[in-house]
Amino acid sequence: MKIMSKVHANNLVKWAADKPEVVVFSADLTSSCEADLFRDTYPGRFFSLGIAEQNMMSWAAGMARDGFIPLVHTFAVFIYRRAYDQVAMSIAYSNLPVKMFGFLPGITTPGGASHQAIEDISLMRSLPNMTVLETGDATEVESVLEIAYQIKGPVYIRMLRGEIPVLFSGKMEFNKARILSQGSDIALLSSGICTEEAMRATQVIKDRGISVTHLHISTLKPFTDPEVVKALKNCNSGIVTMENHSVIGGLGTCVAEVMAEHGIGRKLVKLGLNDVFSHGASRPYLLKEHRLDAMSLVKAVEGLTGKKLGVTEAELDAVRLEAVHSEAKAEAL
């Protein structure tokens, strides 16, 4: 599998070359959020606001009113925990085209509860006018810029950085799921880093005679893709969601809302952080602890189908997708 490094940093410089209205904001995390190449290439369009996220959001709102398209770069927790009032009142209320790139979503960082954005989707999707996107691989990191740019109002993006795998072919499409496999037994919807983990299990599950429709979700608001409704209706045994987020208010909740609205009577298993904070540890450790690893998906499918699949950790390790060793240390602060 191909691994790409500093995808956003390199793509941002190329993409913004003919867009003088695009400006980049940082809150003293410029290199940590891959905005350093933009700073060096277009110093007149780069603004470092220091460790003052509330002020940064107010600046972004003001510049958006003057015709600029601000791209705000910081860790996800500092967007919605530190500056939620400014995001709501200065940006969302006025429907301004501020694009917020939240890095280190969920348990992608070992920085502990203070740096792990585990409830950001629930808060940001509840804001009127706000669009919520999430990247899952290098192709989506590359293509999310143009999608966010074309949306007239504010956008919140859960962003990946460092060394990122190429999982998909083709660009991210707005409010359209990627169909990774099709089947009639289980509907599986995953987002962000959980899709890579889910892909490790789906082929093994299929080899045991259980067919899976697997959808990768990159648009969390709006959540009106007809393919999602189709997948939820056309599964015999039940539905599983996997998300790098609390099970409250994120992808699982989006799916439950669609099921209720369309009268879809299926059992739903939500895999995510089960109303708990996390702590500092490696990504594989935290994925396993919070039941977000491939084996947890296998067990969820066993519960829905009533069949013991006999899958071993060795089988799942044999189809491991991510690079086990990395010089980029993408999880570090």
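In the numbering used here, the protein residues as written are 90 to 422.
Cβ atoms here follow ideal geometry from the backbone N, Cα and C, with glycine treated the same way.
Spatial neighbours of residue i within its chain, please: CB distance less than 6 Å, with the 5 preceding and 5 following residues excluded, ordered by chain position.
i             : result
histidine 379 : Leu362
alanine 383   : Glu286, Arg289, Ala290 and Leu405
glutamine 143 : Ala172 and Gln175
alanine 149   : Phe114, Pro159, Val161 and Val187
Please state the DSSP three-state secondary structure of residue i.
i                 : result
methionine 331    : strand
histidine 368     : coil
alanine 417       : Note on alanine 417: pLDDT 40, under 50, position unreliable in the model; no value is reported.
leucine 277       : strand
glutamate 123     : coil
proline 199       : coil
serine 115        : strand
valine 293        : helix
serine 147        : helix
threonine 224     : coil
glycine 392       : helix
glycine 341       : helix
glutamate 262     : coil
lysine 241        : coil
glutamate 252     : strand
lysine 377        : helix
proline 132       : helix
methionine 219    : coil
lysine 322        : helix
threonine 308     : strand
alanine 412       : Confidence at alanine 412 is low in this model, with a pLDDT of 48, below 50, so the placement of that residue should be treated as unreliable; the coordinate-derived value is given next. Coil.
arginine 154      : helix
threonine 284     : helix
phenylalanine 192 : strand
proline 186       : coil
Among the options, which residue has its Cα nearest to the Cα of residue i?
i                 : options                           : result
asparagine 325    : Ser300, Gly341, Val233 and Met248 : Ser300
isoleucine 337    : Phe366, Ile328, Gly354 and Thr228 : Phe366
lysine 108        : Thr119, Gly395, Tyr131 and Met248 : Tyr131
phenylalanine 257 : Gly369, Ala105, Ala403 and Thr284 : Thr284
glycine 392       : Pro373, Val400, Gly369 and Gly327 : Gly327
asparagine 323    : Phe312, Asn333 and Leu277         : Leu277
alanine 106       : Glu235, Leu321 and Asp274         : Glu235
threonine 394     : Gly298, Leu216, Lys377 and Lys359 : Gly298
lysine 319        : His334, Glu332, Gly399 and Ile275 : Ile275
tyrosine 169      : Met146, Met152, Phe157 and Lys359 : Met146
asparagine 99     : Asn333, Ala177 and Val230         : Val230
What's the call for residue i, buried or exposed, on a 16-neighbour Cβ count within 10 Å?
i              : result
lysine 188     : buried
valine 413     : Bear in mind that the predicted position of valine 413 carries a pLDDT of just 41, short of 50, making it unreliable; the figure below should be weighed with that in mind. Valine 413 should be labelled exposed.
arginine 154   : exposed
glutamine 271  : exposed
valine 408     : exposed
serine 115     : buried
glycine 225    : buried
glycine 354    : exposed
isoleucine 140 : exposed
isoleucine 294 : buried
lysine 91      : exposed
proline 199    : buried
methionine 331 : buried
proline 254    : buried
Leaving out the 5 sequence neighbours to the left and right, which residues in its chain are closer than 7 Å to residue i when beta-carbon positions are compared?
i              : result
alanine 345    : Leu357
lysine 260     : Thr228 and Ser232
isoleucine 266 : It is alanine, not isoleucine, that sits at residue 266 in the sequence shown. Hits under 7 Å: Leu304, His305, Ile306, Asp314, Glu316 and Val317.
alanine 165    : Gly191, Phe192, Leu193, Pro194, Ala206, Asp209 and Arg247
methionine 219 : Ala181, Met213, Pro243, Tyr245 and Lys310
alanine 417    : Note that alanine 417 scores a pLDDT of 40, beneath 50, so its modelled location is shaky and nothing firm can be said.
serine 415     : Confidence at serine 415 is low in this model, with a pLDDT of 39, below 50, so the placement of that residue should be treated as unreliable; the coordinate-derived value is given next. Answer for serine 415: Glu252, listed in chain order.
glutamate 110  : Gly156, Phe157 and Ile158
Short of 8 Å in beta carbon distance, which residues of its chain neighbour residue i, apart from the five on each side in sequence? Order them along the chain.
i             : result
leucine 309   : Ile210, Arg214, Val221, Leu222, Glu223, Ser280, Gly339, Leu340 and Cys343
glutamate 402 : Met384
lysine 397    : Glu391
Quick check: the stretch 345-357 against the stretch 207-221, are at least 3 beta-carbon pairs closer than 8 Å? no
I want to know whether the stretch 119-135 touches the stretch 194-207 - three or more CB-CB distances under 8 Å. no
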